[in-house]
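For the sequence shown, our numbering assigns the number 26 to the initial residue and increments by one for each residue that follows.
I have placed the structure first, in the form of structure tokens, so that the comments after it can refer back to it.
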Amino acid sequence: MKTTVVAPANIALIKYWGKKNDELRLPLNSSISMNLSNCYTTTTVEFSRDFLQDDFKYLIREEEFSDVKEEKRVFLQVDMIRKLAKIKEKVKIRTQNSFPKGAGIASSASGFAALTYALVLALNLQLSKKEVSILARIGSGSACRSIPDGFVIWEKGLNSNNSYARSLYPSGYWRLCDLVVLINSQKKKTASTKGMENCFTSPFMKTRLATLPKRIRAVYAGLKNKNFQILGEALEEDAMNMHAVMMTQKPPLFYWEPTTLDLVKNIVLWRNEGPMVYFTIDAGSNLHLIFEEKNKDTVLHKIQSYNSKLKYIYNTVSDGARTTDRHLF
Ligand code: PMV
Numbered sequence: 026m027k028t029t030v031v032a033p034a035n036i037a038l039i040k041y042w043g044k045k046n047d048e049l050r051l052p053l054n055s056s057i058s059m060n061l062s063n064c065y066t067t068t069t070v071e072f073s074r075d076f077l078q079d080d081f082k083y084l085i086r087e088e089e090f091s092d093v094k095e096e097k098r099v100f101l102q103v104d105m106i107r108k109l110a111k112i113k114e115k116v117k118i119r120t121q122n123s124f125p126k127g128a129g130i131a132s133s134a135s136g137f138a139a140l141t142y143a144l145v146l147a148l149n150l151q152l153s154k155k156e157v158s159i160l161a162r163i164g165s166g167s168a169c170r171s172i173p174d175g176f177v178i179w180e181k182g183l184n185s186n187n188s189y190a191r192s193l194y195p196s197g198y199w200r201l202c203d204l205v206v207l208i209n210s211q212k213k214k215t216a217s218t219k220g221m222e223n224c225f226t227s228p229f230m231k232t233r234l235a236t237l238p239k240r241i242r243a244v245y246a247g248l249k250n251k252n253f254q255i256l257g258e259a260l261e262e263d264a265m266n267m268h269a270v271m272m273t274q275k276p277p278l279f280y281w282e283p284t285t286l287d288l289v290k291n292i293v294l295w296r297n298e299g300p301m302v303y304f305t306i307d308a309g310s311n312l313h314l315i316f317e318e319k320n321k322d323t324v325l326h327k328i329q330s331y332n333s334k335l336k337y338i339y340n341t342v343s344d345g346a347r348t349t350d351r352h353l354f
């Protein structure tokens, strides 16, 4: 029987950068995110005694592709979940993204969330969403945040059993938007999972951790009171803070492109003139513009007049991982 899951990518308002346990992906700090409605992964899995080997492919416009590095990580996740189910059957997996892979739009988050939940359901494991979030985290840290709905916190926890994500507010709680401006959709050179292993080579990492509780409190307060300015200032500060660490690591990680910086400077100006819009950036050059839905037209107009050739993906806040009947094979 086939099982198909759709899982959203998420954008971190408070970023996860650094692990206290690489293997289990236990983070150094708690992070907060929202799920994205138009950036998602669909994954279909099927177990069968008839299959001779595990088979993983990703689809781009109906065409199948394989990626040895990715396959290795996927099969590790399969083995872990198969062990829980105490079965030996091989699996066929097909997966498809609604957005460019590996370009700093958290494709590993939606990918591992969809994969993990699909495997758990296909093997009838009867796990809670908390347990699924823990398993997704082991596959790829930020994937745990794509399991619950809407606005999500991943509490860093003390060990594997209490480091998981839960929903703070449902998706309809606040009509916030994330416009992902695609500056470079090529696969990034250093994956975040690798890059963050060197976080402590930056002299600023300790400061980042020491100042995080204040920003987390601000994001909490901004969300609770729907105070966009408090939320926006804190999320932007956290992104800049993480990139300052990235750029001062050894070896340094420069994810920004010249257009990233130019756009950042413009957004600061736009804000003085009118639309309340803030930005955040993950491990890539693409910019995420965060704003309230009531300002959508103004923000789209600003972007189009800045550069009409730039491509973007418009997102509102979505639910977390969920099943669908639309199988990929
Ligand atoms: O879970 P990973 O290995 O894809 O790391 C995600 C890291 C950032 O996207 C840079 C920040 C975050 O919290 O999403």
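We treat Cβ as the ideally placed atom computed from N, Cα and C, and that holds for glycine.
Around the ligand PMV, the residues whose beta-carbon falls short of 5 Å from at least one of its heavy atoms are Ala37, Lys40, Tyr41, Ser56, Ser133, Ser165, Gly166, Ser167, Ser217, Thr218, Asp307, Ala308, given in chain order. The segment 53-122 contains, as complete alpha helix (DSSP H) runs of 4+ residues, the segments 93-110 (chain order). Between Ala37 and Ser153, the alpha-carbon positions lie close to 23 Å from each other. Under the three-state reduction of DSSP, Pro300 is assigned to coil, being neither helix nor strand. Uninterrupted beta strand (DSSP E) stretches at least 3 residues long and entirely within the segment 146-198 occur at 176-179, 190-194, given in chain order.
For Tyr339, the secondary structure class from DSSP, reduced to helix, strand or coil, is strand. Taking Pro228 as reference, the option from Tyr339, Gln274, Lys251 with the minimal CA-CA separation is Gln274. Residue state for Ala264 is assigned as helix, using DSSP reduced to three classes. Boundaries of the beta strand (DSSP E) harbouring Arg347: 347-349, taken from the DSSP string. Under the DSSP assignment, Ile39 falls in the beta strand (DSSP E) whose first and last residues are 27-39. Ranking Phe124, Asn184, His352, Thr215 by CA distance to the CA of Leu61 puts Phe124 first. Proximity of the segment 254-269 to the segment 228-245 meets the contact definition, three or more beta-carbon pairs being nearer than 8 Å. Under the three-state reduction of DSSP, Asp322 is assigned to helix.
Linking Glu95 to Asp203 through their CA atoms gives a straight-line distance of about 27 Å. Excluding five sequence positions before and after Leu49, the CB atoms of its chain that fall closer than 7 Å to its own CB belong to Ile163, Ser185, given in chain order. In terms of CA proximity to Met59, Tyr198 leads the group Tyr198, Val293, Ile208, Asp104. Contact between Arg119 and Leu353 holds, since their C-beta atoms are separated by about 4 Å, short of 8 Å. Straight across, the Cα-Cα distance linking Lys117 with Lys82 is about 9 Å.
Looking at the DSSP output, Asn332 bridges to nothing. Around the beta carbon of His268, 16 or more other beta carbons sit within 10 angstroms, so the residue counts as buried. In the three-state scheme derived from DSSP, where H, G and I count as helix and E and B as strand, Thr226 is classed as helix.
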